[in-house]
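*Asks:*
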Amino acid sequence: MAKGVPLIEARAVSKDFEGANKTRFKVLSDIQLQIHEGEFVALLGPSGSGKSTLLRIIAGLVPPTDGEVLYRGDTFFGTNPGVSMVFQSFALFPWLTVLENVEMGLRYARLGRDEKRNKAIAVIDMIGLDGFEGAYPKELSGGMRQRVGLGRALVMEPDILLMDEPFSALDVLTAENLKRDLLELWQERKIPTKAIVLVTHSIEEAVYMADRALVLSRDPAKIISHVPITLPHWRERKSEPFTRLVDELYSILTQQKDARVSLQEETEVKLPRKLTLLPNVASGAVTGFIELVDDLGGKVDLYKIGDSLALDLEDLLPIVETCRIFGFGTVTSGDFELTDVGRQVADATVLDRKTMFREQALQHVPFMERILWVLESKRNSQMPREFFLEILQKSVGEEEAETQLDTLISWGRYVELFAYDEDSKLLYLEDVDETQEGGE
Amino acid sequence: MNQFLGLLRSPHRVSWADFVVAIFLCGVLFALIELGRGMVVPLPAVGVTVIHLSPLYLPYYAGRSLLRMFIAYFLSLAFSLVYGRIAAYHKTAEKIMIPALDLLQSIPVFGFLTITITAFLALFPGNQLGAECASIFAIFTAQAWNITFSFYHSLTTIPQDLIEAAEINRLRPWARFTKLEVPYSMIGLVYNSMMSFGGAWFFLIASESFTVLNKTITLPGIGSYLGEALARGDVAAVVYGLIAMTVVIVLVDQLVWRPAVAWSYKFKLDQNETADPPSSWFLQLLRRTNWLKATGASVWTPVAHTTEALIIRLESGLRPRARTARRAMAGRVMAWLVVVALLLYFGQFTVGAVREIADMGLLPLLSVIRLGFYTFLRVMAATILGALWTIPLGVAIGLNPRLARIMQPLVQLAASYPTNVFYPIIGIVFLALHVNFNIGAVPLIMLGTQWYILFNVIAGAMAIPSGLKEASSILRLRSVERWKTLILPAIFPALITGGITASGGAWNASVLAEMVVYQGHTLIASGLGAYIDEASSVGNWAHLIWGLVVMSTFVVTINRLIWRRLYRLAETKFHLD
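Going down the list, the sequences are from chains A and B. Okay, so the first sequence: first residue is 1 according to my numbering, each after it adds one. Okay, so the second sequence: first residue is 1001 according to my numbering, each after it adds one.
#1: So, with DSSP's three-state summary, where would you put Thr-1289(B)?
#2: Could you tell me which chain B residues have their CB closer than 8 angstroms to the CB of Leu-61(A), listed as they occur along the chain?
#3: Quick check: is the beta carbon of Leu-1269(B) nearer than 7 angstroms to any beta carbon in chain A?
#4: Output, in chain order, the set of chain B residues within a Cβ distance shorter than 9 angstroms of Ser-308(A).
#5: Please report the straight-line C-alpha distance between Thr-97(A) and Lys-138(A), rounded to a whole angstrom.
#6: Are Val-345(A) and Phe-328(A) closer than 7 angstroms when you measure CB to CB?
#7: Any Cβ of chain B within less than 7 angstroms of the Cβ of Ala-91(A)?
#8: Does the CB of Arg-1316(B) have a neighbour CB from chain A at under 7 angstroms?
#9: Just how far apart, CA to CA, sit Ala-59(A) and Asp-164(A)?
#10: At what residues does the alpha helix (DSSP H) containing Phe-1120(B) begin and finish?
#11: Just by C-beta distance, which residues in the stretch 104 to 121 of chain A are closer than 7 angstroms to chain B?
#12: Given that Ser-521(A) touches chain B, what residues does it touch there, using C-beta distances under 7 angstroms?
#13: Could you check whether the Cβ of Pro-1183(B) sits closer than 7 angstroms to any Cβ belonging to chain A?
#14: Pull the bridge partners of Glu-9(A) from the DSSP assignment, please.
#15: For His-1434(B), report the span of its alpha helix (DSSP H) as first-last.
#16: Taking Cβ positions only, does Leu-318(A) come closer than 7 angstroms to chain B?
#17: Return the residue from the list Gly-1130(B), Val-1239(B) and Met-1194(B) that minimises the CA-CA distance to Val-1256(B).
#18: Note down, in chain order, every chain B residue with its Cβ under 8 angstroms from the Cβ of Phe-87(A).
#19: Quick check: is the beta carbon of Trp-411(A) nearer than 7 angstroms to any beta carbon in chain B?
#20: Give a yes or no on whether the minimum CB-CB distance between Phe-328(A) and chain B is below 7 angstroms.
#21: Go through its chain and collect everything with a Cβ distance to Ile-1558(B)'s Cβ below 8 angstroms, but skip five positions before and after it.
#22: Excluding sequence positions up to five away, which residues of its chain have a Cβ less than 6 angstroms from the Cβ of Leu-1544(B)?
#23: Ignoring anything shorter than 3 residues, give me the beta strand (DSSP E) runs that lie fully in the stretch 1502 to 1557 of chain B, in order along the chain.
#24: Of all the residues that make up the stretch 1071 to 1092 of chain B, which are near chain A by a beta-carbon distance shorter than 9 angstroms?
#25: Quick one: does Pro-6(A) have its CB under 7 angstroms from some CB of chain B?
#26: Look at the alpha carbon of Ser-262(A) and the alpha carbon of Val-396(A), and state the distance between them as a whole number of angstroms.
#27: Could you spell out the range, first to last residue, of the alpha helix (DSSP H) harbouring Lys-119(A)?
#28: Compare the Cα-Cα distances from Thr-1049(B) to each of Gln-1128(B), Leu-1286(B), Ala-1022(B) and Tyr-1240(B) and report the closest residue.
#29: If I'm right that Phe-242(A) touches Leu-253(A) with Cβ under 8 angstroms, what's the distance once you round it to whole angstroms?
#30: Beta-carbon of Pro-158(A) versus every beta-carbon of chain B: anything under 7 angstroms?
#31: Under a Cβ-count criterion, where at least 16 other Cβ atoms within 10 Å of its own Cβ denotes burial, should Gly-288(A) be classed as buried or exposed?
#32: Hey, could you find the ends of the beta strand (DSSP E) Gly-329(A) is sitting in?
#33: Which stretch, first to last residue, makes up the alpha helix (DSSP H) that contains Glu-1470(B)?
#34: Three or more C-beta pairs closer than 8 angstroms, one from the stretch 1051 to 1068 of chain B and one from the stretch 1116 to 1125 of chain B: is that the case here?
#35: Please name the residue in Ile-325(A), Ser-89(A) and Tyr-71(A) whose C-alpha comes closest to that of Leu-362(A).
Now the structure itself:
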């Protein structure tokens, strides 16, 4: 690996977002990273971990709250002069043709009109869109649109190509095809790009493409692991070294959850109790998952089950996390195992299941207990939503608080701890009689 | 997408800025009056315009009217692009500019016509240019706020990824404006332009022939032709005029707005093809005309390339400047200084206005509020009556897709037809039948505004998902139940949208509809509209300003107390995805 002045260097970068009531919420904390010439780096992390924010800070689209980003050893103002970017949503201008979209990257290049055009056409040929120069993005399939996005980035001949989950909006086959083409351009030096940074939540994608994976934790994000990937290209997904690396990354990603206890110190707001964040998952998904694991013998390899269910990490991890919080299962080195309670849930009837969920929720989700306590201590047994929202906002920020409260309410309704009226936005306790009648 | 909705959409609550803006506007008005006051006596002899009633003159008059409409439209568009962009990107300016827009959009601009006319007449004494400008300005005020709100709203909702893509491609302001901001806003801009342009015909007719300070000023145009024909009782000429009016409205719709709307769908952000995009035969024709394409390629393309190259060279000279904290601070201080200076300057006029109004005495002041209440009742009656007959009809049309496709454009044309040309005609009927004009004014107001409700109800009924219709058939809902559980909730948002538009239009119409003059007969309904009309034609400024203040307060209060709440309800509870 070429050393010397790194292409990109992030020094002690951190980022706060401001929430309601002037609360600040830390998404990135003390990020140090260097990207050198010839590197293909993958940024891995659970959803909401701030990996996309980190990419935007590198790109100069978002200013860091603290710290600095250097390009070839120098600071820069505004957009990083050495980068271009490919977006998850493609971010094409729908009113411009393929050619015009690609030419957009050359607008201020010191070239004549014809030179610009030839260069853009050459790039379009390279990315395999020959013949579609005059088409509008809406006439293209998703894969072809992302090729335009790639073309628009490459035509600028950036030193560093930043990619923000470029394959996650595509179907599996299209994504595979595009990954191979990109790797070929990169491996065979068909593009002058000197480094690639790929943000992804797919471990397999990272292991397949990158030379190095940086694993981020969340709330706030820190780099918790550097994993070099030295397998030679083209990599065989079924090979033993490949799956071992994937498993290793899986366990790093799932175990770092415990690192999250530090939440309270970071936000400098002291809550009387520990705040456990519930992932936004429907109860049906959790019970379905538990039943499935039980059928498979009570223990599964997360990577394999994700693969066979065609669920990526983004979808699977929240379910696993919810099971863990409720005490239905444990995670050890990439494996998920049901606890005794978990096994009982798998065999229980619908009604018993609710009771078990209720008990586990009260025991393991302190905030749920707190809501119940507040409602019980009120004479009219009701409380407006905003009351709880404000408490949550102080520790998790505005946006997260909304989702968190919605999740809590949906669980509270499911286990029949309390009820909620959307019109008046009130949480309330149902009459005891009514609850029994309302049971299934 | 519709008139008056910007106000209800905007999240801001009543704040100090609203009061500052209200005082500021009051000051501007009074400053205009001060400007016009110099010419109170004698009114300079504007060359008397003779209106010929021969139908041969009609194309010329129609042309003059159209010219006014389009000049006003392009001014509105330019204003919108500048105002919207400043408001969207400068936080300090936004705090003042958006409440101002809110206020301007909801107050009945009609009442202000006289004030602006006197100011323009003073600017160009003894010259018809003043009257021309005044007319164009009146049309401008009917169009600008709406388009501006649409552009501002679009700018604040550009998706983050497109903004980032523009930044990654280092687009400078002009490129950003032309490649991202305007295209992204295009559908809303064109649609609102069409709606505003349609609404402005009413203002054109009213502003071509007006009485100010007991003098009648006439501009050659289709409105004044009709006015003259009515005044002389020339039935044939009235018919010619109405036909010409209809032809002009239909032509503009078919040759300008339909093609523009169909063209604007090119800018749809949703990357999937729309199932049923609007189409236009004229646009199709233009797109298939070869010689047009050839001329385009040989004339337009080189010009475009040269300008583009020039702009890029100019842009490249612009280096992005570091936005240091100190510079940002300086900018903010400057902005506030400008605001304060303007406030102080116009504030002194406000003081003058308040002093004159105070001289009127308490009882007359209060009686104007009573008049406002009468007009409020009329506006509400017109809106509710309009809703009562349009709901069943609109639903019947909307549930029949083929009929709806034919009727919807027709209803929209009806909504843009300047119904004020009929006021004197209906006035004759009322006189003959001895109708109490206090009630008779209601149908006059309704005449123009009910179409907005019909138009929206049709759209709402068309949008009822077929799944829900099928479910209600499977459940064997009786017709009462069907209306209660399916149709009324489903069209509720559209109904509210229509109601807001209709009631906004009704306040404007009341200024003309509560006082109808025909061949020496004057029909007056007791109300704020008539009060304002009378005050302006005799030039009683204190009365006029107080009338306008009361009317604006009524409109703003009702919007906030009733319409905004209903709109929220429609957006949340009755929203169909």
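Think of the CB as a built atom: it goes at the ideal place given N, C-alpha and C, for glycine as much as any other residue.
*Replies:* By the coordinates alone:
#1: coil
#2: Glu-1164, Glu-1167 and Ile-1168
#3: yes
#4: Residues of chain B passing the Cβ test: none, with the nearest at roughly 31 angstroms.
#5: 10 angstroms
#6: yes
#7: yes
#8: Before going further, note that residue 1316(B) is Ser rather than Arg in the sequence given. Closer than 7 angstroms: yes.
#9: 11 angstroms
#10: 1113 to 1123
#11: Met-104, Gly-105, Arg-107, Tyr-108 and Arg-113
#12: Residue 521(A) cannot be examined here, being either before or after the span of chain A that is shown, 1 to 440.
#13: yes
#14: Gln-34(A) and Leu-70(A)
#15: Here His-1434(B) belongs to no alpha helix (DSSP H), and DSSP marks it neither H nor E.
#16: In the sequence as displayed, the identity of residue 318(A) is Pro instead of Leu. Cβ-Cβ to chain B under 7 angstroms: no for Pro-318(A).
#17: Met-1194(B)
#18: Asp-1161, Glu-1164 and Ala-1165
#19: no
#20: no
#21: Phe-1376 and Ser-1503
#22: Ala-1535 and Ser-1536
#23: 1515 to 1518 and 1521 to 1524
#24: none
#25: no
#26: Caution is warranted here: a pLDDT of 37 is assigned to Ser-262(A), below 50, making its placement in the model unreliable, and no coordinate value can be reported.
#27: 113 to 126
#28: Gln-1128(B)
#29: Their Cβ separation, rounded to whole angstroms, is 17 angstroms, which puts Phe-242(A) and Leu-253(A) out of contact at 8 angstroms.
#30: no
#31: exposed
#32: 329 to 332
#33: 1466 to 1474
#34: no
#35: Ile-325(A)
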